[in-house]
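Here the structure comes first, spelled out in structure tokens, and everything after it is commentary.
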Amino acid sequence: MSKTLQAWEAAYSPEFYAQLPNNWQRRSFLFGATKTATALALAPMLLQLAACKRQEAPVNTLSQHPWPIFAAVQDILFPADGNGPSAHDIQAAQYLQLVIHTPDFDAAERKFILDGVAWLDQYAQEKNKSAFLSLNAQQKDAVLRAITQSNAGDRWIAALLNYVLEALLCDPVYGGNLKGIGWNWLQHQPGFPRPPKPYYEQAKL
Amino acid sequence: MNEYDICIIGSGAGGGPVALTLAQAGASVVVLEKGPWYTEKTFFKDEKGDVYYTPNLRDEQHVVEQRDEDDAWTSQPTSESGWSFWNGNMVGGSSNLMSGFFTRLKPDDFRLRSAFGEIKGANVVDWPISYEDLEPYYAKVESVVGISGRVVPHPFAEPRSTPDFPYPPTQEHFLSKVVDRACEQLGHHSLPLPRAVLSRTDPSQGTRQSCQYSGYCGSYGCASGAKGSARAALLDHAVKTGHCDIRPHAKVQRLISDNQGKVTAAEYVDAKGSTQTIRAKVFVVACQAIETSRLLLLSTGPKHAQGLGNQSGQVGKNLIFSAGGAGRGEFRYAKFPPEQARELKLIGPFVDRHVQDWYFYDDPKTKRRIKGGTIDFLLRHPDAIARAQSFRRDSEGKLVWGSLLKQRLLQDFTETQSLDFEVFNDWLPTDDCYVTLDGKVKDKWNTPVAKMRLNAHPHDLVVGEYLAKKGEEIMRAMGAENVSSSVSDSPPANLVAGGCRFGKDPKTSVLDPDCRVHTAENVFVTDGSFMPTGGSVPYTWTIYANAFRVADIIKKQMAL
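These protein sequence lines are chains B and X, in that order. In this text, residue positions in the first sequence follow our numbering: the first is 1, and each later residue adds one. In this text, residue positions in the second sequence follow our numbering: the first is 1001, and each later residue adds one.
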């Protein structure tokens, strides 16, 4: 494993992951162990993350570091390849920014996600002698694949993928899935009544 | 006012029937509920919106003890594992979120030990009451809660005091008939699945509307009031009598008992963090099995040194879940004519079928008659985010992204309809499945959390596998592709019962046949805790029926 990946790995202890609301590890994603529809679905585990009472107004800093890097990673994870909407089309970067800045979002998890950008860039420098943003798409993809060799990198990408897919299919009131573009693409019929606003902006009962 | 005739702790399927019955009889009733009070107006189909009725595991958790690879018992707090045992902490409890698949137990479920003999390593006992004792209350639930269905004769049909359900079946999906045809071809009985969902409006149900068929039923609160939750079907009516107060955000910490062992007060923490005390003549505990055992264990007193009703060390013992598993098959739209493909794709109407041909069967190995279970069929849950997340990793756990991920999503979402089946069979009660208090971990109110030792009897898997194979056969006869199933010894957290068995002998049970705590004459337990064995169907109908039965007993005891 590269020096950067070793250092990234060493930066987080098992105790650190254990305190995260969702530790994104591989074994937490096995299919079929639980009853689904009469039972409560798998969803609650994923959604504890966004526990928040009221959302802070996110500052529109998508052009500022580290958001261009997040957006570039998301473009690889969910590319504009002519098959449906891209990460950009579903507002994946805005969505991620909004989610991690809700006040009750787990601070350790936010730090883990934000810190990953520096590790990624350091790895790109080590491997390609270049900033991540300067790589071409193929190189970026190879860098992302390479960092999944480390647990930390694997978890980091799993987390980012999680929020890309939330941005694709969440109710548009949450800031992703712009005008239902993800639902339309996957011919998904949402339930009704739909939430008039995010749960954290609704009156607390 | 902090003095009532009756204080009910927990507002779900166990508490609702008692609140309604006693309020209608004119008693003053208070219901203490830990969670918030949602209504039809505040339930949305919001995949992200369960946060306020699903406690954050760092605030409130459990400790789970299981056998590790070396067969040693190892415990892990659920804040680490992410394994939530909370099923809907709000007024009406988890009945708000159920699918309302309602099936009665059968007469032999009340006498499993007599009917099928002992199973080594399992604590199977007969119930102290019979099916005939509960039947009038099953019938009562059909009309009071509102069950939609159609009676079809079959070999294991349970006796009924009324000819049919008061409400016709809910609307059916294209696949319902496909299940029927496959079962007919195989010589099985495809049965309409009764639902605690109103199929038509009925003035006697108040403001509840009939089902709107949004397709998002299980796991979601019902915005039309069609679903027969304890809140919509019972508590709303109880409140209208003027005799029932509901206090949300009231977390009961302990029950206080006197020198005779009678409970005199319930102590709870309100939303502001202040401690309040409720005095009452009768107390009913119905916090769902695990939390009910926990509250009793926390409620020590002069006559209850080891916890309320725990003089024989039985509180928390013989916790049960539902054994079994789930399966799935896919139907490709391209294989159907366009009109049928459109119907196949439709989300809203229910498949609503179940098969009970193997509720009892001859074990192919031992040739002995044994208890089997139920297979039900339902459309895959339409939650889109959870569905998409399952593509994040491949079968080897490797992350999938880019065009490959997009292709797989598109294919899965747009080319096939998935039909699921679920297997319900008895989770045998054993000495290795129980609730205690954890010695270290506490919740946000600084109270010890429940610790569960969880272990399944190997027989559960044998029966589950047998039924799952039958489910797969039916799926294949339907023409489904990619048929698979998985039977697990992992307990489904929402299908939980036991822990406070009812029985005649105070040495081996916590509750008497009336569900009264043997050693505390004014305390009753009315959630699923009382069940010595679970039957092979979801619990809710039986919990409702038994709680109505106990409510009549309380009414008599209070001379109302």
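Beta carbons are placed, not taken as given, at the ideal position from N, Cα and C, and that holds for glycine.
Measure the C-alpha to C-alpha separation of arginine 1208 of chain X and threonine 1170 of chain X and round it to an integer number of angstroms.
Indexing the second sequence from 1 puts residue 1208 of chain X at position 208. Indexing the second sequence from 1 puts residue 1170 of chain X at position 170. Their Cα atoms are separated by approximately 15 Å.
Just how far apart, CA to CA, sit proline 1155 of chain X and proline 1136 of chain X?
What you label residue 1155 of chain X is simply residue 155 of the second sequence in a count that begins at 1. What you label residue 1136 of chain X is simply residue 136 of the second sequence in a count that begins at 1. A straight-line Cα-Cα distance of about 22 Å links proline 1155 of chain X and proline 1136 of chain X.
If we cut at 8 Å on Cβ distances, does aspartate 121 of chain B have a partner in chain X?
By one-based count along the first sequence, residue 121 of chain B stands at place 121. Not an interface residue.
Amino acids of chain B, ordered along the chain, whose beta-carbon sits closer than 8 Å to that of proline 1382 of chain X
For the purposes of this step, residue 1382 of chain X is identified with residue 382 of the second sequence, where counting begins at 1. Taking a Cβ-Cβ cut-off of 8 Å, the neighbours of proline 1382 of chain X in chain B comprise His188, Gln189, Gly191, given in sequence order.
Short CB-CB distance (under 8 Å) between valine 1483 of chain X and chain B
The sequence position of residue 1483 of chain X within the second sequence is 483, counting from 1. Cβ-Cβ to chain B under 8 Å: no for valine 1483 of chain X.
Taking Cβ positions only, does phenylalanine 78 of chain B come closer than 8 Å to chain X?
Taking the first residue of the first sequence as 1, we reach residue 78 of chain B at position 78. Interface residue, yes.
Proximity to valine 1284 of chain X [Cα-Cα], best of X:Gln1260, X:Asp1236, X:Gly1012, X:Ala1072
Reading the second sequence from its first residue, position 284 is the one you call residue 1284 of chain X. The residue among X:Gln1260, X:Asp1236, X:Gly1012, X:Ala1072 with its C-alpha nearest the C-alpha of valine 1284 of chain X is X:Gly1012.
Per-residue burial, threonine 1277 of chain X [other beta carbons within 10 Å of its own, 16 or more giving buried]
Start at 1 with the first residue of the second sequence, and residue 1277 of chain X comes out as number 277. Burial check for threonine 1277 of chain X: the Cβ neighbour count within 10 Å stays below 16, so the residue is exposed.
Excluding five sequence neighbours on each side, which residues of the same chain lie with their C-beta closer than 8 Å to the C-beta of alanine 1122 of chain X?
For the purposes of this step, residue 1122 of chain X is identified with residue 122 of the second sequence, where counting begins at 1. Cβ within range, chain order: Leu1428, Pro1429, Thr1430, His1457, His1459.
Would you identify the three-state DSSP class for valine 1496 of chain X, choosing helix, strand or coil?
Looking up residue 1496 of chain X in the second sequence gives position 496. Coil.
Just reading off the alpha helix (DSSP H) that threonine 1414 of chain X is part of, what are its end residues?
As a first step, residue 1414 of chain X is located in the second sequence; it is residue number 414 there, counting from the start. Residues 1402–1415.
Between which residues of its own chain and leucine 1319 of chain X is the CB-CB distance below 6 Å, once the five residues before and five after are set aside?
Taking the first residue of the second sequence as position 1, residue 1319 of chain X is located at position 319. The residues are Cys1433, Tyr1434, Val1435, Gly1498, Gly1499.
Anticipated Cβ contact below 8 Å, serine 1176 of chain X with glycine 1348 of chain X, distance rounded
Taking the second sequence and counting its residues from 1, the one referred to as residue 1176 of chain X is at position 176. Taking the second sequence and counting its residues from 1, the one referred to as residue 1348 of chain X is at position 348. Not confirmed; about 13 Å, so no contact.
What do you get for arginine 1392 of chain X, buried or exposed, if any count of 16 or more other CB atoms within 10 angstroms of its CB means buried?
Counting from 1 along the second sequence, the entry for residue 1392 of chain X is found at position 392. Classification for arginine 1392 of chain X: buried.
Threonine 4 of chain B, DSSP secondary structure in three states
Along the first sequence, one-based indexing puts residue 4 of chain B at 4. Correct three-state label for threonine 4 of chain B: helix.
Per the DSSP calculation, aspartate 1527 of chain X is bridged to which residue(s)?
Reading the second sequence from its first residue, position 527 is the one you call residue 1527 of chain X. In the DSSP assignment, aspartate 1527 of chain X is bridged to no other residue.
Could you tell me the distance, in whole angstroms, from the CA atom of lysine 1303 of chain X to the CA atom of histidine 1518 of chain X?
As a working mapping, residue 1303 of chain X is identified with position 303 in the second sequence. As a working mapping, residue 1518 of chain X is identified with position 518 in the second sequence. Lysine 1303 of chain X and histidine 1518 of chain X have their C-alpha atoms some 12 Å from each other.
Does DSSP put glycine 1329 of chain X in a helix, in a strand, or in coil?
Stepping through the second sequence from its first residue, residue 1329 of chain X is reached at position 329. Strand.
Are the C-beta atoms of tyrosine 1004 of chain X and some chain B residue less than 8 Å apart?
Here residue 1004 of chain X is taken as the residue at index 4 of the second sequence, counted from 1. Not a single C-beta of chain B is nearer than 8 Å to the C-beta of tyrosine 1004 of chain X.
Lysine 1398 of chain X: which of B:Leu161, B:Gly182, B:Gln202, B:Ala87 sits nearest, CA to CA?
Position 398 of the second sequence holds residue 1398 of chain X. Lysine 1398 of chain X has its Cα closest to that of B:Leu161, out of B:Leu161, B:Gly182, B:Gln202, B:Ala87.
So, helix, strand or coil for phenylalanine 1110 of chain X, using DSSP?
Within the second sequence, numbered from 1, the residue matching residue 1110 of chain X stands at position 110. The answer is helix: DSSP assigns phenylalanine 1110 of chain X an H, G or I state.
Sorry if obvious, but does the Cβ on isoleucine 1256 of chain X come closer than 7 Å to a heavy atom of the ligand NAP?
For the structure depicted, the ligand NAP is absent and the ligand set is empty, with no information on it obtainable.
Cβ-Cβ distance between valine 99 of chain B and leucine 144 of chain B below 8 Å:
Walking along the first sequence from the start, residue 99 of chain B turns up at place 99. Walking along the first sequence from the start, residue 144 of chain B turns up at place 144. Taking 8 Å as the cut-off, the Cβ atoms of valine 99 of chain B and leucine 144 of chain B do not count as close.
Between X:Asn1455, X:Ser1390, X:Glu1473, X:Leu1308, which lies nearest to threonine 1292 of chain X when the distance is taken from Cα to Cα?
Mapped onto the second sequence, residue 1292 of chain X falls at position 292. Measuring from the Cα of threonine 1292 of chain X, the nearest candidate turns out to be X:Leu1308.
Using a 10 Å radius around the Cβ and a threshold of 16 neighbouring Cβ atoms, would you call glutamine 91 of chain B buried or exposed?
As a first step, residue 91 of chain B must be located in the first sequence, where it is residue number 91. With a threshold of 16 other beta carbon atoms within 10 Å, glutamine 91 of chain B meets it and is buried.
Does the distance from the C-beta atom of cysteine 1211 of chain X to that of alanine 1226 of chain X stay below 8 Å?
Here residue 1211 of chain X corresponds to residue number 211 of the second sequence, with the count starting at 1. Here residue 1226 of chain X corresponds to residue number 226 of the second sequence, with the count starting at 1. Yes. Within cutoff.
First through last residue of the beta strand (DSSP E) which encompasses histidine 1077 of chain X
Taking the first residue of the second sequence as position 1, residue 1077 of chain X is located at position 77. Per the sequence presented here, residue 1077 of chain X reads as proline, with histidine not at that position. Here the beta strand (DSSP E) through proline 1077 of chain X covers 1073–1077.
If I measure Cβ to Cβ from glutamine 6 of chain B and keep anything under 8 Å in the same chain, skipping five residues before and after, which residues do I get?
Taking the first sequence and counting its residues from 1, the one referred to as residue 6 of chain B is at position 6. Same-chain partners within the cutoff: Ser150.
DSSP state of arginine 1476 of chain X mapped onto helix, strand, coil
Stepping through the second sequence from its first residue, residue 1476 of chain X is reached at position 476. Helix at arginine 1476 of chain X.
Rounded Cβ spacing between histidine 1237 of chain X and leucine 1097 of chain X (contact assumed at less than 8 Å)
Your numbering for residue 1237 of chain X matches position 237 in the second sequence. Your numbering for residue 1097 of chain X matches position 97 in the second sequence. About 20 Å; that fails the 8 Å criterion.
Tell me whether alanine 18 of chain B is buried or exposed, calling it buried when 16 or more other Cβ atoms sit within 10 Å of its Cβ.
Counted from its first residue, the first sequence places residue 18 of chain B at position 18. Per the 10 Å Cβ criterion, exposed.
Return helix, strand or coil for proline 1338 of chain X, following the three-state DSSP convention.
Along the second sequence, read from residue 1 onward, the residue named residue 1338 of chain X stands at position 338. Helix, per DSSP.
Suppose the cutoff is 6 Å on Cβ atoms and the five residues either side in sequence are ignored; what does the same chain contact list for cysteine 170 of chain B look like?
Counting from 1 along the first sequence, the entry for residue 170 of chain B is found at position 170. Answer for cysteine 170 of chain B: Gly176, Asn177, listed in chain order.
The region 1372–1391 of chain X contacting the region 1401–1413 of chain X, beta-carbon criterion three pairs below 8 Å
A contact exists between the region 1372–1391 of chain X and the region 1401–1413 of chain X.
Cα-Cα separation between lysine 204 of chain B and aspartate 1270 of chain X, rounded to whole angstroms
As a working mapping, residue 204 of chain B is identified with position 204 in the first sequence. As a working mapping, residue 1270 of chain X is identified with position 270 in the second sequence. Spanning the alpha carbons of lysine 204 of chain B and aspartate 1270 of chain X requires a straight line of approximately 15 Å.
Counting only Cβ pairs nearer than 7 Å, list the residues of chain X close to glutamate 166 of chain B.
Residue 166 of chain B sits at position 166 when you count from the first residue of the first sequence. Against chain X, the beta carbon of glutamate 166 of chain B has neighbours under 7 Å at Ile1385, listed in chain order.
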